[in-house]
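Colleague: Dumping the structure here so I can ask a few things about it.
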């Protein structure tokens, strides 16, 4: 059973990646593909909107670790918004809030790029 | 393809493919619920078992899907115990160092977080080299 959906859209020169369902070692490559597509298009300012994401394992977190440096090198970043409490707790357990910015809603994250 | 799986005898057998991680999580959360324990804690146990199986698929079976992983659950004396057995290469997750996330990011690498998460979420993580098989025992204390 594959229950994960990823897509991206643009707003004010910021790309928003929407993730939904279950992000684990099986579905993480789909998220990698989405980042590769953005890099190809030289879009380095990214907000990941987690509204609709029910579950994340370390394989999902690893995707952000693998791509964030490339984004930051090109004056961009990966910022996170709309996380459910259970999902945020996993980021928190691993110390991600020191390394990434988290926002309650997508608009606040987009504004930080301006 | 699920080889066999039967909640009634508290055991699930899967092929060594990430295709089955969702089956593993469902098996753990249903078993946990069948004992009447708090669902929020059950999700943490399911995540730990997901991480353990992901490690086994990657490091014991080297991402080849022809191996098997057996997961057996039991609960007694205020403990929920998950025994995970595989026949792949020996891999002791306790030997994995705690991750340096900032350092790995600089090298554009993910990974190395699974064991750390397991240790944070479970009360005991034991590895046993049993000759032809590996056994990983994850224990959650119940209050």
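Residue numbers (the working numbering), protein chains in the order written: chain P, -8 to 105; chain E, 214 to 356. Ideal Cβ positions, reconstructed from N, Cα and C, are used throughout, including at glycine.
Relative to the C-alpha of residue 315(E), which residue among 100(P), 58(P), 105(P) is closest?
Modeller: 58(P)
Colleague: Could you have a look at residue 298(E) and say whether DSSP puts it in helix, strand or coil?
Modeller: strand
Colleague: Whose CA, out of 287(E), 356(E), 273(E), 326(E), lies closest to the CA of residue 309(E)?
Modeller: 326(E)
Colleague: Would you kindly work out how many angstroms separate the C-alpha atoms of residue 290(E) and residue 338(E), rounded to a whole number?
Modeller: 17 Å
Colleague: CA-CA distance, residue 56(P) and residue 306(E)?
Modeller: When the Cα atoms are used, residue 56(P) and residue 306(E) turn out to be separated by approximately 21 Å.
Colleague: Counting only beta-carbon atoms, is residue 87(P) nearer than 9 Å to chain E?
Modeller: yes
Colleague: Thinking C-beta only, is residue -5(P) closer than 9 Å to residue 21(P)?
Modeller: Yes, the Cβ-Cβ distance between residue 21(P) and residue -5(P) is below 9 Å.
Colleague: Just list the alpha helix (DSSP H) runs in the stretch 330 to 356 of chain E, keeping only unbroken ones of 4 residues or longer that don't cross its boundaries, in chain order.
Modeller: none
Colleague: Are any of the Cβ atoms in chain P nearer than 9 Å to that of residue 214(E)?
Modeller: Because the pLDDT at residue 214(E) is just 49, under 50, the model does not fix this residue reliably, and the value given afterwards should be weighed accordingly. No, residue 214(E) does not count as interfacial toward chain P.
Colleague: Taking the beta carbon of residue 109(P) as the centre, do at least 16 other beta carbons fall within 10 Å, making it buried, or is it exposed?
Modeller: Outside the modelled stretch of chain P, which goes from -8 to 105, sits residue 109(P), for which no answer is possible.
Colleague: When Cβ atoms are compared, which residues of the stretch 229 to 260 of chain E fall closer than 7 Å to chain P?
Modeller: 231, 232, 234, 235, 256, 260
Colleague: Could you give the first and the last residue of the continuous beta strand (DSSP E) run that contains residue -2(P)?
Modeller: -5 to 2
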